[in-house]
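*Asks:* Okay, handing you the structure first.
In our numbering, the protein residues as written are 423 to 617.
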């Protein structure tokens, strides 16, 4: 099997996971909005939160691990040269791999939100800007154009007509933030007792 074939398999696999995550994050966001005005939605959200109790940080870590390993695969094995914006997204994602693992091992869900929440917010903002540059290459700065072959507007992958690397990153950041927020919203007796 050639490197290109392996890259296609990995890209398609990550794209399928991203679509799954997009659907779940979208449903969770819709449920959170409905919970503001509809008591039944509030109860469903509580039930979901309780069902995931203690698992949300592990799930967020799995997302961070997939994103980290995927980005390393694309650059180190597939030979995709990360642009400046890709590096900024990596800077936001890679610490999450470690922070979320430590938080999951320590079972400190609410503390994980305090320490980790800024990373997916910043990473998502960079990914959104990167998507804008992909859609409008003429807006690309000289720094971006020089940072990688073809600059930041190059679409190294384009799965299902819309899933590029920054879209995968944005999806991962959104999923991580949603899982962190879900865990943070749960009341942990150990933390309440400390307060």
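We put the CB at the ideal spot given by N, CA and C, even for glycine.
(1) Counting pairs of Cβ atoms below 8 Å between the segment 496-507 and the segment 423-439, do you hit three or more?
(2) Does the contact criterion of 3 or more C-beta pairs under 8 Å hold for the segment 553-570 versus the segment 482-491?
(3) Can you grab the Cα-Cα spacing for the pair residue 584 / residue 511, in whole Å?
(4) To the nearest angstrom, how far is it from the Cα of residue 576 to the Cα of residue 446?
(5) Return the chain-ordered list of same chain residues with a C-beta closer than 7 Å to the C-beta of residue 545, the five sequence neighbours on each side being excluded.
(6) Identify, in the order they occur along the chain, each residue of the same chain with its Cβ nearer than 7 Å to the Cβ of residue 565, setting aside the five sequence neighbours on each side.
(7) Does DSSP put residue 442 in a helix, in a strand, or in coil?
(8) Report the three-state DSSP secondary structure of residue 478 (helix, strand or coil).
(9) Strictly by DSSP, which residues pair up with residue 585?
(10) What does a CB cutoff of less than 8 Å around residue 582 pick up in its chain, not counting 5 residues either side in sequence?
(11) With a threshold of 16 other CB atoms inside 10 Å of the CB of residue 492, please say whether the residue is buried or exposed.
*Replies:* With the structure as the only source:
(1) yes
(2) no
(3) 18 Å
(4) 28 Å
(5) 511, 514, 515, 591 and 595
(6) 506
(7) helix
(8) helix
(9) 581
(10) 437 and 441
(11) buried
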